[in-house]
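Undergrad:
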Amino acid sequence: MKGVLPIEQIKERIELFLLEQSRPLLTEPGRDVVDLSSSSYSLSTQYDKLVWHIWNENTNLVRQITGILSAKPGRLELRYQRFGKGPAGTLILAESRAMPEHLDRRSRRTQYLRTLRRWLHQLFPEWKVEELTTEADLARTFSGRYARGLMARGTQAWAVIGSGEQADDFRSDDILAYGLLWLDWLRTHHSSGGSRVVAGLRIFLPRDTAEVTLNRLAWLHPQAGKWELFETGFEVGEEVRRRDPADFGNLKTRLTPLTKPAMPARAVEETMDAIVSANPEVETRSGPDGALSWSVRGLVFARHTSQGIVFGLGRCETPLQQETAGELKELVGRMVRVRRADSTEVTHPLYRLQPERWMESMVSRQLNRLEPGLTAGIVYEQVPAVSGTARGLLDLLTANASGRLAVIELKASEDLQLPLQALDYWMRVHWHHQRGELQREGYFAGCALSPQPPLLLLVSPALQFHSACEVILRYLSPDIEVVRVGLNEDWRRAVKVVSRQAGRGS
Numbered sequence: 332m333k334g335v336l337p338i339e340q341i342k343e344r345i346e347l348f349l350l351e352q353s354r355p356l357l358t359e360p361g362r363d364v365v366d367l368s369s370s371s372y373s374l375s376t377q378y379d380k381l382v383w384h385i386w387n388e389n390t391n392l393v394r395q396i397t398g399i400l401s402a403k404p405g406r407l408e409l410r411y412q413r414f415g416k417g418p419a420g421t422l423i424l425a426e427s428r429a430m431p432e433h434l435d436r437r438s439r440r441t442q443y444l445r446t447l448r449r450w451l452h453q454l455f456p457e458w459k460v461e462e463l464t465t466e467a468d469l470a471r472t473f474s475g476r477y478a479r480g481l482m483a484r485g486t487q488a489w490a491v492i493g494s495g496e497q498a499d500d501f502r503s504d505d506i507l508a509y510g511l512l513w514l515d516w517l518r519t520h521h522s523s524g525g526s527r528v529v530a531g532l533r534i535f536l537p538r539d540t541a542e543v544t545l546n547r548l549a550w551l552h553p554q555a556g557k558w559e560l561f562e563t564g565f566e567v568g569e570e571v572r573r574r575d576p577a578d579f580g581n582l583k584t585r586l587t588p589l590t591k592p593a594m595p596a597r598a599v600e601e602t603m604d605a606i607v608s609a610n611p612e613v614e615t616r617s618g619p620d621g622a623l624s625w626s627v628r629g630l631v632f633a634r635h636t637s638q639g640i641v642f643g644l645g646r647c648e649t650p651l652q653q654e655t656a657g658e659l660k661e662l663v664g665r666m667v668r669v670r671r672a673d674s675t676e677v678t679h680p681l682y683r684l685q686p687e688r689w690m691e692s693m694v695s696r697q698l699n700r701l702e703p704g705l706t707a708g709i710v711y712e713q714v715p716a717v718s719g720t721a722r723g724l725l726d727l728l729t730a731n732a733s734g735r736l737a738v739i740e741l742k743a744s745e746d747l748q749l750p751l752q753a754l755d756y757w758m759r760v761h762w763h764h765q766r767g768e769l770q771r772e773g774y775f776a777g778c779a780l781s782p783q784p785p786l787l788l789l790v791s792p793a794l795q796f797h798s799a800c801e802v803i804l805r806y807l808s809p810d811i812e813v814v815r816v817g818l819n820e821d822w823r824r825a826v827k828v829v830s831r832q833a834g835r836g837s
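Basically the working numbering = 1-based index in the sequence shown + 331.
1. I believe glycine 580 touches alanine 549 by the beta-carbon criterion, under 8 angstroms. Please report the beta-carbon distance rounded to the nearest angstrom.
2. Below 8 angstroms between beta carbons: does that hold for leucine 545 and arginine 574?
3. Quick check: leucine 728 and proline 715, are their CB atoms within less than 8 angstroms of each other?
4. Just the C-alpha distance for arginine 696 and proline 619, rounded to the nearest angstrom, thanks.
5. Which of the three DSSP states, helix, strand or coil, is assigned to alanine 833?
6. Report the rounded CA-to-CA distance for proline 360 versus glutamate 461, giving the unit in angstroms.
7. If you measure from the CB of glutamine 770, is any heavy atom of the ligand COA nearer than 7 angstroms?
8. To the nearest angstrom, how far is it from the Cα of cysteine 800 to the Cα of aspartate 604?
9. Report the start-end ranges of each beta strand (DSSP E) in the stretch 343-393 that is 3 residues or longer and not cut off at the edges.
10. Cβ of leucine 786 within 8 angstroms of Cβ of glutamate 812?
11. Assuming glutamate 801 is part of the alpha helix (DSSP H), what are its boundary residues?
12. Quick check on the DSSP output: what are the complete beta strand (DSSP E) runs of length 3 or more inside the stretch 471-512, in order along the chain?
13. Rounded C-beta distance between arginine 321 and leucine 751? I'm assuming under 8 angstroms.
14. What does the alpha-carbon distance come out to for the pair proline 576 and tryptophan 558?
15. In whole angstroms, give me the CA-to-CA distance for methionine 430 and serine 369.
16. Going by C-alpha to C-alpha distance, which of His384, Trp450, Arg671 sits closest to leucine 357?
17. Start and end of the beta strand (DSSP E) containing glutamine 412?
18. Mapping DSSP to helix, strand and coil, what is threonine 397?
19. Under the three-state reduction of DSSP, which class applies to asparagine 610: helix, strand or coil?
20. Suppose you measure from the CA of valine 802 to the CA of proline 588; what does that come to, to the nearest Å?
21. For asparagine 731, does the three-state DSSP call read helix, strand or coil?
22. Using CA atoms only, rank isn't needed, just tell me which of Leu747, His764, Leu804, Glu740 is closest to leucine 789.
23. Return the bridge partner residues of lysine 557 from the DSSP annotation.
24. Go ahead and label valine 393 buried or exposed: buried means 16 or more other beta carbons lie within 10 angstroms of its beta carbon, across all protein chains shown.
25. Excluding sequence positions up to five away, which residues of its chain have a Cβ less than 7 angstroms from the Cβ of lysine 342?
26. Determine the closest residue to arginine 477 out of Leu469, Arg484, Leu349, with distance taken between C-alpha atoms.
27. For glutamate 820, which residues in the same chain have their Cβ closer than 7 angstroms to its Cβ, ignoring the five residues on either side in sequence?
28. Measure the C-alpha to C-alpha separation of alanine 672 and glutamate 339 and round it to an integer number of angstroms.
29. With DSSP collapsed to three states, give me the class of glycine 719.
30. When you compare each of His761, Gly621, Ser798 to serine 781 by their alpha carbons, which one comes out closest?
31. Would you kindly report the start and end of the unbroken beta strand (DSSP E) that includes threonine 421?
32. Could you give the DSSP three-state label for leucine 434: helix, strand or coil?
33. What is the residue span of the beta strand (DSSP E) that histidine 635 lies within?
34. Which whole runs of the beta strand (DSSP E) in the stretch 659-722 are 3 residues long or more, in chain order?
35. The alpha helix (DSSP H) that contains alanine 753, what's its start and end?
36. For threonine 720, count neighbouring Cβ atoms within 10 angstroms of its own Cβ and tell me buried if that reaches 16, exposed if not.
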């Protein structure tokens, strides 16, 4: 790049580049590649030097960054100076791309089709496999990631969906949504004039990836279809095993106890208080685990850890000290300037990042607009939801005036997985509530909770509800009361409810 950039601008370019990548990798000639998505780092400007410290279980790297050699979409080349009298070097930041072994995915899926067909003939010898494909059909929201098929015997038929991808290659919990869409489409288009009944859905998943799907199957409408799940990838001779229906809904979950926040050291607290006082847009929040965090319209920029307050975006962790307070003030000022409804920089990463968290920060203060009876009295944000090895964060958990729990899941853009992701959180809240664990662990203190199952609210801009969501909602259990709340498209300026639909769809 022409010219010499000030170190503050270099620092900002690096931070913004990393925020825009889903899995950035750091390459330095002669060293192992560092996956920055699973590493911690700090970028600090001290004594007119930009020092980058990166650490994880296998790496502890410190480099003084002196310039940007080139910047292209998805790639940033940096110049660094070694400490001491070592020569200058180059660091390359780039988004992770598919490795060569992933490039033959199409041929592997073709092979999986042959294997799946063989399994179906072995398991159901009296049934005919009429259709089996992995071709994507985006118009009907059918993903090429999964094999989908139809098997029949006389007037009876079953939909089939499966994947041979390994657990680290795909999101196994996505398969049920696509399976329900496939089942629904077959019932509409392959019913042979009403003489054929597509009874249900048979799901094939690699072993050790079925837990989320098993939990979800327990909360599908019992009259909407039959459900069978098979795990694959076992030893030859017993390659496929059918899971017992008793395993459906065998939820493994635990609730994080509500913990009082630990206060930071006095001097550091005063520094942060001064920054918060000078910027009304800054929000201070305490999570269920007691961890304090500071954010601007939902985008967290500082956290209180066992080592004190650290600040930075993404995985950047710069300790807040007297020497770094100026950097924090600059960061907050930049966020306040860009991350606002009337921003003139709507393409800036600070504006575009984490829109759901922005929406959450606004909705949590105006819950009564979503549902009559909801108030902002007791609201828990970003509640950890744990089931086996799967971990997520429930957007909002609250209760209405009569003590009925309400689970609120938000999406700022189209996502056909919204109903089932929300179901994951709903079933956990319901499970813990049935056992009295919510209040035993400190939630809703002093509140008389109703024994009713929680209300489930799906919130999104009205024009951003995926068209497939209504189909998926029809398959949910009638025990789940669902309300879809459509917001105005310019919700960043002010939250307004423009549509509200109760029920699971028509």
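Note that beta-carbon positions come from the ideal geometry of N, C-alpha and C, so glycine has one too.
The model shown is predicted, which means the values in this text are computed figures rather than measured ones.
TA: On the basis of the data shown:
1. 3 angstroms
2. yes
3. no
4. 18 angstroms
5. strand
6. 54 angstroms
7. The ligand COA is absent from the structure shown, which contains no ligand whatsoever.
8. 44 angstroms
9. 355-358, 371-377, 380-386
10. yes
11. 799-805
12. 478-484, 487-493
13. As displayed, the chain neither begins before 332 nor continues past 837, which places residue 321 out of reach and without an answer.
14. 8 angstroms
15. The predicted position of methionine 430 is uncertain, since its pLDDT is 40 and thus under 50; a value taken from the coordinates is nonetheless stated next. Whole-angstrom Cα-Cα distance: 18 angstroms.
16. His384
17. 406-412
18. strand
19. coil
20. 36 angstroms
21. strand
22. Glu740
23. Gly531
24. exposed
25. Leu374, Thr376, Leu381
26. Here the sequence assigns tyrosine to residue 477, which means arginine is not the residue at that position. If we check each option's Cα against that of tyrosine 477, Leu469 comes out closest.
27. Pro792, Leu794
28. 26 angstroms
29. Residue placement at glycine 719 is flagged as unreliable, the pLDDT there being 49, under the threshold of 50; the coordinate-derived value follows with that caveat. Of the three classes helix, strand and coil, the one that applies to glycine 719 here is coil, per DSSP.
30. His761
31. 419-426
32. Bear in mind that the predicted position of leucine 434 carries a pLDDT of just 39, short of 50, making it too unreliable to give a figure here.
33. 630-636
34. 705-718
35. 749-765
36. Here threonine 720 scores only 45 on pLDDT, less than 50, and its place in the model should not be relied on; the value that follows carries that caveat. Looking at its Cβ environment, which holds fewer than 16 other Cβ atoms inside 10 Å, threonine 720 is exposed.
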